[in-house]
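One structure below.
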Amino acid sequence: MKRERVPAVIVGAGMVGLTLAIDLARQRVPVVVLEKAHEIAQGSRSICQAKRSLEIWDRLGAGEAIRDRGCTWKRGRIFHGVRELFYFDLLPQPDHKMPAFVNLQQPILEEILRRRLRDVGGEIRLGHELVSIQQRGDIASAAVHATDGEYGIDADWLISCEGVHSTVRRALNLPFAGEIFEDKFLICDVKMKAPFPAERWFWFEPTFHPGQTALLHRQADDVWRIDMQLGADVDAEAERDPARARPRLEAMLGHSDFEFEWISIYTFQCRTLQSYVHGQVIFAGDSAHQVSPFGARGGNGGVQDADNLGWKLARVVAGRASADLLQSYDSERLAAARENILQSTRTTNFMSPRTVASRILRDQTLALAAQAPFARALVNGGRLSTPAVMTASPLNTPDDDAWDTSIAPGSAAADAPLRTSRGDGYLSEMLGDRFVVLANSDAPLPPNMVVHGETVDVLQFGRDLHDSLGLVESRYDLKAGSAVLFRPDQHIVMRARRFDPAKIADSVAKALALRQYRSS
Amino acid sequence: MTLKLDIQIDDPDAFYAALATALDRAEDPAALLSRLALILANQIGDAATLEAAIKLAASERTKT
Chain A
22 MKRERVPAVI VGAGMVGLTL AIDLARQRVP VVVLEKAHEI AQGSRSICQA KRSLEIWDRL
82 GAGEAIRDRG CTWKRGRIFH GVRELFYFDL LPQPDHKMPA FVNLQQPILE EILRRRLRDV
142 GGEIRLGHEL VSIQQRGDIA SAAVHATDGE YGIDADWLIS CEGVHSTVRR ALNLPFAGEI
202 FEDKFLICDV KMKAPFPAER WFWFEPTFHP GQTALLHRQA DDVWRIDMQL GADVDAEAER
262 DPARARPRLE AMLGHSDFEF EWISIYTFQC RTLQSYVHGQ VIFAGDSAHQ VSPFGARGGN
322 GGVQDADNLG WKLARVVAGR ASADLLQSYD SERLAAAREN ILQSTRTTNF MSPRTVASRI
382 LRDQTLALAA QAPFARALVN GGRLSTPAVM TASPLNTPDD DAWDTSIAPG SAAADAPLRT
442 SRGDGYLSEM LGDRFVVLAN SDAPLPPNMV VHGETVDVLQ FGRDLHDSLG LVESRYDLKA
502 GSAVLFRPDQ HIVMRARRFD PAKIADSVAK ALALRQYRSS
Chain B
35 MTLKLDIQID DPDAFYAALA TALDRAEDPA ALLSRLALIL ANQIGDAATL EAAIKLAASE
95 RTKT
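Chains as they are written, first to last, in the working numbering: chain A, 22 to 541; chain B, 35 to 98.
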């Protein structure tokens, strides 16, 4: 059997696998993506692409194409029966490059990501199915079935991005336990012209679907996502029939002028692996963890996995960091998955109370919310995806100073507009994908520093950028003299009230998990 | 978090009578108690106090 050797093999060409592949290819890591399907899977599936995902894709050169192709929104409305209880704004703060959310059907998104991967020299093998895997020393050996026969591929690192039904996870016999939710949901995309705004509308006990919940989202190309809770006892096969679904939608929409593009029934579980790094095999996205769809935390969580892993794996493959660095992927993303599962489970329990008593509490919360603003905060129709805040990361350098901002080591970069010699832009564009120090200093500073083999770029106010609206300074509490260190995935790892090269060098070493900074 | 277990209510008998009357007259007493718990929780606000109160209410020693 033919065999080949590749530094990185990604199994699965969904949004997570493609994001990671682009990131690695841009960092000159030879990468092969194996995808068992011969074509992009149809059915819009994931649609809500969160701001953080858009910023990650923008760093990889695909963010603007995705934003411009999709349907931008930031406002949601919660209804109880026919009454609107309240609305919320997911990005009340202006002056960010990316919106709160873009709704874009997953096949369109994946096509954009595939084009981007081709542009940066990555390789996708469609119709190549991983059929077995063994770990031998520091090699993951996979057998791959393709149309023209079977072959072997040896990878320094094999990353499973296959989704919930991961072959790799099963082959390694890893437990994937969690909570099972029994309610079934009708999910469909319909094509129609409709006057509804680009907002997320969520109903508790709507008159058109008594006793259940319903969700409406606008997507690109006049396609609308409708999600309806059906309960635990319905016949999934029967409910999947468009003839059965159509009257439900007609009752909701008040007309019959729509065509089905996609229809399915789903149930879900909330679960995670207990570790995402197993020898030379790493798990990301739904291969590693699964949540309910309410909150858009599945796909967006997976994209954050890829973002977290890409810079670390590239440095390990290049010999610029040891495999110790990958342990931080495990701890940071496991914490993020647990947070997503917690939020997702709370939403599900609010939507589907499990006992008579909890239903009374839920119903009375909804009743109070119509009169008392405080109760609206308790209504949980989905806590939407936000960037993971890795406060407890071992890669962070703790603060020595006081700061007047919610942004802290572990936070993702907050965007802000600025001006450079090339014109107006955004901070997120300048941070790129390397270590960067942002310094509000009048002192002469070097344009970069080389520490522990890493080039750390120094972006200085007045020299490299002009904080024309003062928003960089205010959002980071970056008073004169202060400096913030970002790691390559644009998360903060250190900040100080003065530019201190020795402290920056120590923090970069810590962020690379270099041996002398490990706690044990 | 230590809950205040000595009396804080100004007129205990009047409060008890008012609550009992409201429950007696309620079409759905469980719903009334739920709303009341939410309204009072919002007056307290503090997460640790609320957590301790839930634990105390759910504990064996407060059951009859």
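Just so it is clear, CB atoms sit at the ideal spot from N, CA and C, and this is done for glycine as well.
The Cβ-Cβ distance between A:P509 and A:R455 falls below 7 Å.
The Cβ-Cβ distance between A:D326 and A:R292 does not fall below 7 Å. Shown in chain order are the members of the stretch 371-398 of chain A whose Cβ falls below 8 Å from a Cβ of chain B: A378, I381, L382, D384, Q385, T386, A388, L389, A393, F395 and A396.
Beta-bridge analysis with DSSP links A:P263 to no other residue. B:L90 is outside the set of residues whose beta carbon lies under 7 Å from a beta carbon in chain A. Here A:L151 really is in contact with A:T188; their C-beta atoms are around 6 Å apart, less than 8 Å. Taking a 10 Å sphere around the C-beta of A:N124, we find 16 or more other C-beta atoms and assign the residue as buried.
Not a single CB atom of chain A sits nearer than 7 Å to the CB of B:S93.
Residue-level contact check: B:A64 touches chain A, since one or more beta carbons of chain A fall below 7 Å from its beta carbon. With respect to the 7 Å criterion, A:G474 and A:R341 are classified as neighbours on the basis of their beta carbons.
Annotated as proximal: A:P263 and A:I284, with beta-carbon spacing under 7 Å.
In the DSSP annotation of this structure, A:Y287 is not part of any alpha helix (DSSP H); the continuous beta strand (DSSP E) holding it starts and ends at E280 to T293. For the stretch 65-76 of chain B, the residues whose beta carbon sits under 7 Å from a beta carbon of chain A are, in order, A65, S68, R69, L72 and N76. Under the DSSP assignment, A:V302 falls in the beta strand (DSSP E) whose first and last residues are V302 to F304. Segment contact: the stretch 256-274 of chain A against the stretch 109-120 of chain A, fewer than three CB-CB distances shorter than 8 Å; contact not assigned.
Distance from the CA of A:L41 to the CA of A:R88, rounded to the nearest whole angstrom, comes to 19 Å.
Taking 7 Å as the cut-off, the Cβ atoms of A:E56 and A:A34 count as close.
Comparing alpha carbon positions, the residue from A:T412, A:P419 and A:L448 closest to A:S432 is A:T412. For A:F206 and A:V103, the gap between their C-alpha atoms comes out near 21 Å. Under the three-state reduction of DSSP output, A:W332 falls in the helix class. About 25 Å separates the beta carbon of A:R440 from that of A:H512, a gap too long to meet the 8 Å contact definition. For the pair A:D307 and A:G184, the CB atoms are nearer than the 7 Å cut-off. In this structure, the beta-carbon distance from B:L72 to A:L346 does not fall below 7 Å. For A:E171, the pairing in a beta bridge is given by DSSP as A:H166. A:S427 sits exposed, since fewer than 16 C-beta atoms from the chains shown fall within 10 Å of its C-beta.
The DSSP-derived three-state label of B:E85 is helix. Counting only runs of at least 4 residues, the stretch 100-136 of chain A fully encloses no alpha helix (DSSP H) element at all. A:L294 is not a Cβ neighbour of A:S349, given a cutoff of 7 Å.
Unbroken alpha helix (DSSP H) stretches of 4 residues or longer found wholly inside the stretch 451-499 of chain A: 492-497, given in chain order.
Ranking A:V337, A:A357 and A:G403 by CA distance to the CA of A:D177 puts A:V337 first. Of the residues A:L179, A:E260 and A:H230, the one whose Cα lies closest to the Cα of A:V298 is A:L179.
Secondary structure at A:R518: coil, using DSSP grouped into helix, strand and coil. Less than 7 Å divides the Cβ of A:A71 from the Cβ of A:N321.
Straight-line spacing of the CA atoms in A:W94 and A:C69 works out to 10 Å.
Residue range G199 to K212 is occupied by the beta strand (DSSP E) that includes A:K212.
With fewer than 16 other Cβ atoms from the protein chains shown falling within 10 Å of its own Cβ, A:H186 counts as exposed.
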